[in-house]
Amino acid sequence: MRNITGKQLIVGGAVLAVLIILPLLIPPFGQHVVILTLIFAMCGVAWNIMGGYAGMFSFGQAAFFGIGAYTSSFLLMTFNVSPWIGLVAGGILSSLMAAAIGYPCSKLRGHYFAIASIAFAEIVRIFFNNWEMVGAAEGLTIPMRQESLANFTFNSSKLPYCYIILAFVLFALAVCRLVSTSKMGYYFRAIKESHEVAQVLGVNVVRYRLYAIMISAFLTSMAGTFYAQYILYIDPASVMVLAISVQIVLVAMLGGANTVLGPVVGAAILIPLSEYSRAWLGYKGTGFDMIIYGVLITAISMYRPNGVWGALAGVVRREK
Amino acid sequence: MKMRRVLMVSAVIAMALALCAGPGLAQEKVIKIGALYPLTGNLAATGMDCKRGVDLAVQIINGKYDLNLPFAKTEGIPDMGGAKLQIIYADTQGDPKNGLAEAERLITQEKCVALIGAYQSAVTKTASQAAERLKIPYVCSDSSSPTLTERGFKYFFRVSPHDGTMARNQFEFLKDLEKKTGQKVETIGLVYENTEFGANVGKQEKEYAKEFGYKVTADIAYPANSSDVSSEVGKLMAAKPDVIMHAAYITDAILFTKTFKDMNVVPKGFLNMAGYIESDYLPSVKADGDFILVRSTFALDLAKKKPLVGQVADLYKEKYKIEMGENTARSFAAPFVLADAISRAKSTAPEAIVKALEQTDIPGDQMIYPWQGIKFDPTTHQNIYAKAMLVQIQDQHYYTVWPWEAASRELVWPFPAWKDRK
Numbered sequence: 001m002r003n004i005t006g007k008q009l010i011v012g013g014a015v016l017a018v019l020i021i022l023p024l025l026i027p028p029f030g031q032h033v034v035i036l037t038l039i040f041a042m043c044g045v046a047w048n049i050m051g052g053y054a055g056m057f058s059f060g061q062a063a064f065f066g067i068g069a070y071t072s073s074f075l076l077m078t079f080n081v082s083p084w085i086g087l088v089a090g091g092i093l094s095s096l097m098a099a100a101i102g103y104p105c106s107k108l109r110g111h112y113f114a115i116a117s118i119a120f121a122e123i124v125r126i127f128f129n130n131w132e133m134v135g136a137a138e139g140l141t142i143p144m145r146q147e148s149l150a151n152f153t154f155n156s157s158k159l160p161y162c163y164i165i166l167a168f169v170l171f172a173l174a175v176c177r178l179v180s181t182s183k184m185g186y187y188f189r190a191i192k193e194s195h196e197v198a199q200v201l202g203v204n205v206v207r208y209r210l211y212a213i214m215i216s217a218f219l220t221s222m223a224g225t226f227y228a229q230y231i232l233y234i235d236p237a238s239v240m241v242l243a244i245s246v247q248i249v250l251v252a253m254l255g256g257a258n259t260v261l262g263p264v265v266g267a268a269i270l271i272p273l274s275e276y277s278r279a280w281l282g283y284k285g286t287g288f289d290m291i292i293y294g295v296l297i298t299a300i301s302m303y304r305p306n307g308v309w310g311a312l313a314g315v316v317r318r319e320k
Numbered sequence: 001m002k003m004r005r006v007l008m009v010s011a012v013i014a015m016a017l018a019l020c021a022g023p024g025l026a027q028e029k030v031i032k033i034g035a036l037y038p039l040t041g042n043l044a045a046t047g048m049d050c051k052r053g054v055d056l057a058v059q060i061i062n063g064k065y066d067l068n069l070p071f072a073k074t075e076g077i078p079d080m081g082g083a084k085l086q087i088i089y090a091d092t093q094g095d096p097k098n099g100l101a102e103a104e105r106l107i108t109q110e111k112c113v114a115l116i117g118a119y120q121s122a123v124t125k126t127a128s129q130a131a132e133r134l135k136i137p138y139v140c141s142d143s144s145s146p147t148l149t150e151r152g153f154k155y156f157f158r159v160s161p162h163d164g165t166m167a168r169n170q171f172e173f174l175k176d177l178e179k180k181t182g183q184k185v186e187t188i189g190l191v192y193e194n195t196e197f198g199a200n201v202g203k204q205e206k207e208y209a210k211e212f213g214y215k216v217t218a219d220i221a222y223p224a225n226s227s228d229v230s231s232e233v234g235k236l237m238a239a240k241p242d243v244i245m246h247a248a249y250i251t252d253a254i255l256f257t258k259t260f261k262d263m264n265v266v267p268k269g270f271l272n273m274a275g276y277i278e279s280d281y282l283p284s285v286k287a288d289g290d291f292i293l294v295r296s297t298f299a300l301d302l303a304k305k306k307p308l309v310g311q312v313a314d315l316y317k318e319k320y321k322i323e324m325g326e327n328t329a330r331s332f333a334a335p336f337v338l339a340d341a342i343s344r345a346k347s348t349a350p351e352a353i354v355k356a357l358e359q360t361d362i363p364g365d366q367m368i369y370p371w372q373g374i375k376f377d378p379t380t381h382q383n384i385y386a387k388a389m390l391v392q393i394q395d396q397h398y399y400t401v402w403p404w405e406a407a408s409r410e411l412v413w414p415f416p417a418w419k420d421r422k
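For the protein sequence lines, the chains are A and B, in the order given.
For the first sequence, the working numbering gives the first residue as 1, with consecutive numbering after it.
For the second sequence, the working numbering gives the first residue as 1, with consecutive numbering after it.
1) Below 8 Å on the Cβ atoms is my guess for residue 168 of chain A versus residue 226 of chain A; work out the distance and round it to an integer in Å.
2) Does any C-beta atom of chain B lie closer than 7 Å to the C-beta of residue 161 of chain A?
3) Among the candidates A:265, A:39 and A:279, whose CA atom is the shortest distance from the CA of residue 255 of chain A?
4) Can you say whether residue 31 of chain A is buried or exposed, counting buried as having 16 or more other CB atoms within 10 angstroms of its CB?
5) Determine whether the Cβ of residue 96 of chain B lies closer than 7 Å to any Cβ atom of chain A.
6) Can the beta-carbon of residue 189 of chain B be found closer than 7 Å to that of residue 115 of chain B?
7) Could you compute how far the alpha carbon of residue 87 of chain A sits from the alpha carbon of residue 39 of chain B?
8) Am I right that residue 325 of chain B and residue 49 of chain B are in contact with their C-beta atoms under 8 Å? What's the rounded C-beta distance?
9) Which residues does DSSP pair with residue 363 of chain B in a beta bridge?
10) Considering only residues of the same chain and omitting the five flanking positions on each side of residue 22 of chain B, which have a CB-CB separation below 6 Å?
11) Taking DSSP as the reference, what is the three-state secondary structure of residue 151 of chain B?
12) Compute the Euclidean distance between the alpha carbons of residue 248 of chain A and residue 166 of chain B, then round it to the nearest angstrom.
13) So which residues on chain B does residue 139 of chain A lean against when the C-beta distance must stay under 9 Å?
14) So residue 122 of chain A contacts chain B; which residues on that side make the cut at Cβ distance below 9 Å?
15) Name the DSSP beta bridge partners of residue 247 of chain B, please?
16) In the segment 124-177 of chain A, which residue ranges form an unbroken alpha helix (DSSP H) of at least 4 residues, counting only runs that do not cross its ends?
17) In angstroms, rounded to a whole number, what distance separates the CA positions of residue 203 of chain A and residue 190 of chain A?
18) Is the number of C-beta pairs between the segment 246-253 of chain B and the segment 220-227 of chain B that are closer than 8 Å three or more?
19) Going by the DSSP bridge assignment, what does residue 52 of chain B pair with across the sheet?
20) For residue 129 of chain B, which residues in chain D fall below 8 Å Cβ to Cβ?
21) Give me, in chain order, the residues of the same chain whose beta-carbon lies closer than 7 Å to that of residue 310 of chain B; leave out the 5 immediate sequence neighbours on both sides.
22) Just to make sure I have the definition right: I need the residues of chain B whose C-beta is within less than 8 Å of the C-beta of residue 130 of chain A. Which are they?
23) In whole angstroms, what is the alpha-carbon distance linking residue 82 of chain A and residue 91 of chain A?
24) Step through the CB atoms of chain B and report whether any lies within less than 7 Å of the CB of residue 287 of chain A.
25) Compile a chain-ordered list of the residues in the segment 73-94 of chain B whose CB is closer than 8 Å to at least one CB of chain A.
26) Round the Cβ separation of residue 432 of chain B and residue 143 of chain B to the nearest angstrom and send it over; I've been treating them as touching at under 8 Å.
27) Is the segment 90-104 of chain A in contact with the segment 128-135 of chain A, if contact means three or more CB pairs nearer than 8 Å?
28) Grouping DSSP H, G and I as helix and E and B as strand, with all else coil, what is residue 296 of chain B?
29) If you measure from the beta carbon of residue 406 of chain B to each beta carbon in chain A, is any gap under 7 Å?
30) Can you name the start and end residues of the alpha helix (DSSP H) that residue 39 of chain B belongs to?
31) Considering only residues of the same chain and omitting the five flanking positions on each side of residue 36 of chain A, which have a CB-CB separation below 7 Å?
32) Short of 7 Å Cβ to Cβ, which residues in the segment 104-122 of chain B face chain A?
33) Output, in sequence order along the chain, the residues in the segment 24-49 of chain A whose CB is closer than 7 Å to any CB in chain B.
34) For my contact list, residue 41 of chain B and residue 94 of chain B are in at a C-beta cut-off of 8 Å; report their separation, rounded to the angstrom.
35) Are residue 231 of chain A and residue 38 of chain A close, meaning C-beta to C-beta below 7 Å?
36) Excluding the five sequence neighbours on either side, which residues of its own chain have a C-beta within less than 6 Å of the C-beta of residue 184 of chain B, listed in chain order?
Quick look at the structure:
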C-alpha cells in the first residue's frame, strides 16, 4: 500500500485551506460556482470508481443522482423525514437499484455497457416523468424550512452549503483512495485489463463489478440529495437527463480518469468555465459561451488525452 | 512545439479578453432590472421573442412616445428624477439551476433592484425562490404554471393569467357557445406533452371539465418533441371527443397539425395553446392551421377596438421587421408594472417597491391586453383581472373570436372537414 508522502500532505493541506477560505471572500455567485463545482467533483470521483478503476463506462449516472434527489425530497415532503436520513436512504436505494441493474449487465463490456447504462437512465427518467406520487413531470418543490443544520436548509447564506459539499467531496475522496489502495482496487484494475485473466486469477468478476457500481451509485446519490436541498426544486428534466450523465463523464475524463484527484481537477476547470462564460457572455444570446466551452474540451482531448491531472502530476514528478 | 505554445498562449489571452469584455459601464441615474430568459438552447427563439418585448417596453419608458402607456410621454420616470430603466439580461439556458444562479448573480453582483422573466415555469420557480430569499421583488409576466402564485411568496407578482385561469376560460367559452348558438359539446379529448407545462395544463383541464360537467373521453400524455404521434392521434380518434384540447410547444404543435390532417381527425373544434400561437407555427403549417382555436392573452386584431395595440405593434414591426406575437406581448408588461411601482414608491428599496406593487392599479386602457387592468391579489399576488381570450386562425391569421365583445371576426364552428377545403 502506497503511503501519502509529506509533500503530498502539504500540497493537499494547502488546497484544502484555499477551499475553506475562498468561499468567505467571494460573492454569492462565486460561492454558487464553488458549490456546483464540488457537486460535479463528487459525481466525477464516484464515476471514476466504476469507470476509471473498474473499466465500466457509465453514461447513466444521472439516474443515481436523480434517485438521491427524489428519495430525500419525497421522504421529507411526505413523511417529514430529515434530509440527512433521506441522504442515506437515497444512497441505499441507489445502490440496490445499481445492483439490480448491474447484475444482468454483468456480461456487458465496453461500449455495450455504456449503451445499457444510457438505456437504464432513460427508463428511470421516463418512469419518474409519469409517476404521479412523486409529482410526475411537474417535479417536487421542496418547501423552504427553518434554517438549521438538522433541517439541511440555509436561507441567509450559501456558506454552509459550501462546507457541507466540501465535506462530502472529502468523504468521496477518502472512499476512493481506500478503494484504490485496497485489495478491491487491485481487483478492479485487473477486471478492467481483462475479465478472463482476472477470473483465472481467482477474482469474482461479477461480484466485484457490482461492488464498484454500488459504491459509485451511493456517492452519486449523495450528491443528488445535496442538489435537491440546495436548489429546492427538482423535476426529471433537470436532475435525470443525459446531459448530467455526460457532464459527469466529461469531468472525470478531462481531469484524468483512474486517479483519485483527477475528477476534482476536471470539475474545477469545466464547471467554472461554463458558469462564468455563461454569466459574462450569455446575455447576448449568441451562444458564444458554448463555443469557448467546446473549444476547450476539444483542446484538452487533443493535447492532454490522459486528462489535466496526468499532465500536472507529470510536471511535479519532473521537478523532483 | 514552439508553434503549439504560441497557439495555446494566444488562445488563453483571447479567452481572457473575451471574458473581461463583460457588461458595459452603468450610466448615471439608472434603475437596474434583471431579466432572465432562455437566450440559448432549444427555447432560444422564444427567449429572444420575450427579450424583444422587454426591450421595446424599456425603449418606450426611457424615450418620448405619444402613446397611452405609463411613462411613454416622458423620458424615464419623472418621480425618480427622470431615472431610466436599464435591463441586465441573463441566460438561463432553460435550466432551473441556472435560473437560481443567475437570479442571485443579478441581485448580488449586478445590484438589480427587481427581477423579471424566465418564461419556463420550472426556471421561474428557482429564480423567484432566490429573489424571495434575498428579498428582491420579482414581477413575472410570462410563466403560466399555477403553482408559482400558490407558494405564498411575498416578493413574487404575476401579471399574466395562469394555466388554471386559462383552462377555466376555455370551458367558459364552451358554455357561452352553447348559450349563443345552441351547439352542444359533451365530450372532451385531452392531449398534452409531458413536462411541467403540459402536465399542469392537463391536470387543470381535467378539474374544470368535471366542474363544468364535461366528460373527458381521452386523456393522453405524450413525451415532448416526439418524432411520430400517429398512435396518440389514433387513440384520440378512437375516443371520438367533440372537442380536442392540445397543450404543446412549437415543434409538437406543427407535427400534430400535420398528423391531424393526414389521419383526417375532425372534431367539432380544436382548443389548443402555446405552440399554436408562436411566430413560427403558421409559416410552417400554412392553411392547415386554419380554424384551430388558440387561447391567448394578445392578438394583433385587438387594434380594431384598441388603437394603442396597433401603435405598439407598428412600433415593434418597424424596429424588428417581424409581427408582434403573444410571447413578446406578455413580456412587454413587466417593465411597465415595475416602473409604475417604483414611481409610486419614489424609491428603489425592495420593501417600498413590494408595498407599491401590492397597491398596483393600472387601468386596462393603458395596456395592450383585453383585460380590465392590472391589480394584484393581496395574498397570492396574481393579477386578478388577467384572463385568456380565444383566437381562431382564419386565412392564416389570428383573429379574436371570444369573448364575443372583443371579437373581430365571426367564429367558424364546427371545425370544417379537411376534405371540404380547397
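For each residue, glycine too, the CB sits at the ideal point set by N, CA and C.
Just so we're clear, the structure is a prediction, and the values are computed from it rather than from any experiment.
Per the coordinate set shown:
1) Within the first sequence, numbered from 1, the residue matching residue 168 of chain A stands at position 168. Within the first sequence, numbered from 1, the residue matching residue 226 of chain A stands at position 226. Confirmed, Cβ separation roughly 6 Å.
2) For the purposes of this step, residue 161 of chain A is taken as residue 161 along the first sequence, with counting starting at 1. No, residue 161 of chain A lies away from the interface with chain B (no Cβ there is under 7 Å from its Cβ).
3) Your numbering for residue 255 of chain A matches position 255 in the first sequence. Closest by alpha carbon: A:265.
4) Your numbering for residue 31 of chain A matches position 31 in the first sequence. With 16 or more other Cβ atoms within 10 Å, it is buried.
5) For the purposes of this step, residue 96 of chain B is identified with residue 96 of the second sequence, where counting begins at 1. Among the CB atoms of chain A, one or more fall inside 7 Å of the CB of residue 96 of chain B.
6) Here residue 189 of chain B corresponds to residue number 189 of the second sequence, with the count starting at 1. Here residue 115 of chain B corresponds to residue number 115 of the second sequence, with the count starting at 1. Judged by their CB atoms, residue 189 of chain B and residue 115 of chain B are not nearer to each other than the 7 Å cut-off.
7) Looking up residue 87 of chain A in the first sequence gives position 87. Looking up residue 39 of chain B in the second sequence gives position 39. Those two C-alpha atoms are separated by around 35 Å.
8) Residue mapping note: residue 325 of chain B aligns to position 325 of the second sequence, counting from 1. Residue mapping note: residue 49 of chain B aligns to position 49 of the second sequence, counting from 1. So it is a contact: roughly 6 Å between Cβ atoms.
9) The residue labelled residue 363 of chain B in the question sits at position 363 within the second sequence. DSSP, once it has assigned bridges, lists B:373 as partnering residue 363 of chain B.
10) Numbered from its first residue, the second sequence carries residue 22 of chain B at position 22. At residue 22 of chain B, the pLDDT of 42 sits below 50, so the modelled position is not reliable and the matter cannot be decided from this model.
11) Walking along the second sequence from the start, residue 151 of chain B turns up at place 151. If DSSP states are grouped into helix, strand and coil, residue 151 of chain B belongs with coil.
12) Within the first sequence, numbered from 1, the residue matching residue 248 of chain A stands at position 248. Within the second sequence, numbered from 1, the residue matching residue 166 of chain B stands at position 166. Going by the C-alpha atoms only, they are around 40 Å apart.
13) Stepping through the first sequence from its first residue, residue 139 of chain A is reached at position 139. Result: 96, 122, 125 and 196.
14) As a first step, residue 122 of chain A must be located in the first sequence, where it is residue number 122. Near residue 122 of chain A there are no residues of chain B at all, since even the closest Cβ is about 11 Å away, more than 9 Å.
15) Along the second sequence, read from residue 1 onward, the residue named residue 247 of chain B stands at position 247. Partner(s): B:192 and B:273.
16) The segment 124-177 of chain A contains no whole alpha helix (DSSP H) run of 4 or more residues.
17) Looking up residue 203 of chain A in the first sequence gives position 203. Looking up residue 190 of chain A in the first sequence gives position 190. Approximately 8 Å, taken between the alpha carbons.
18) Below 8 Å, enough C-beta pairs join the segment 246-253 of chain B and the segment 220-227 of chain B to call them touching: three or more.
19) Within the second sequence, residue 52 of chain B is the residue found at index 52, counting from 1. For residue 52 of chain B, which the question treats as bridged, DSSP gives no partner whatsoever.
20) Considering every chain present, this structure includes no chain D. Its protein chains are A and B.
21) By one-based count along the second sequence, residue 310 of chain B stands at place 310. The beta carbon of residue 310 of chain B sits closer than 7 Å to the beta carbons of 303 from its chain, once the five residues preceding and following it are set aside; these are given in chain order.
22) As a first step, residue 130 of chain A is located in the first sequence; it is residue number 130 there, counting from the start. Chain B residues near residue 130 of chain A: 194 and 221.
23) On the first sequence, residue 82 of chain A is found 82 positions in, with the first residue counted as 1. On the first sequence, residue 91 of chain A is found 91 positions in, with the first residue counted as 1. When rounded, the distance between both Cα atoms is 14 Å.
24) Locating residue 287 of chain A in the first sequence gives position 287, counting from the first residue. Yes, contact with chain B.
25) Per Cβ criterion, the list reads 88, 89, 90, 91 and 93.
26) The shown model of chain B, from 1 to 422, leaves out residue 432 of chain B, and the question about it has no answer.
27) No: the two stretches stay apart, fewer than three of their Cβ pairs being nearer than 8 Å.
28) On the second sequence, position 296 is the one that residue 296 of chain B refers to. Strand at residue 296 of chain B.
29) In the second sequence, the residue the question calls residue 406 of chain B occupies position 406. Chain A, which has no Cβ nearer than 7 Å to the Cβ of residue 406 of chain B, makes this no.
30) Translated into positions along the second sequence, residue 39 of chain B becomes position 39. Here residue 39 of chain B belongs to no alpha helix (DSSP H), and DSSP marks it neither H nor E.
31) Residue mapping note: residue 36 of chain A aligns to position 36 of the first sequence, counting from 1. Closer than 7 Å at the Cβ level, and outside the excluded window around residue 36 of chain A, lie 271 and 275.
32) Residues passing the 7 Å Cβ filter: 104, 105, 108, 109 and 122.
33) Of all residues in the segment 24-49 of chain A, 27, 28, 29 and 32 have a Cβ within less than 7 Å of some Cβ in chain B.
34) On the second sequence, residue 41 of chain B is found 41 positions in, with the first residue counted as 1. On the second sequence, residue 94 of chain B is found 94 positions in, with the first residue counted as 1. Sure, about 5 Å apart at Cβ, within 8 Å.
35) Locating residue 231 of chain A in the first sequence gives position 231, where the first residue counts as 1. Locating residue 38 of chain A in the first sequence gives position 38, where the first residue counts as 1. If you check the CB distance, residue 231 of chain A and residue 38 of chain A do not come in under 7 Å.
36) As a position in the second sequence, residue 184 of chain B is number 184, starting the count at 1. Contacts found: 178.
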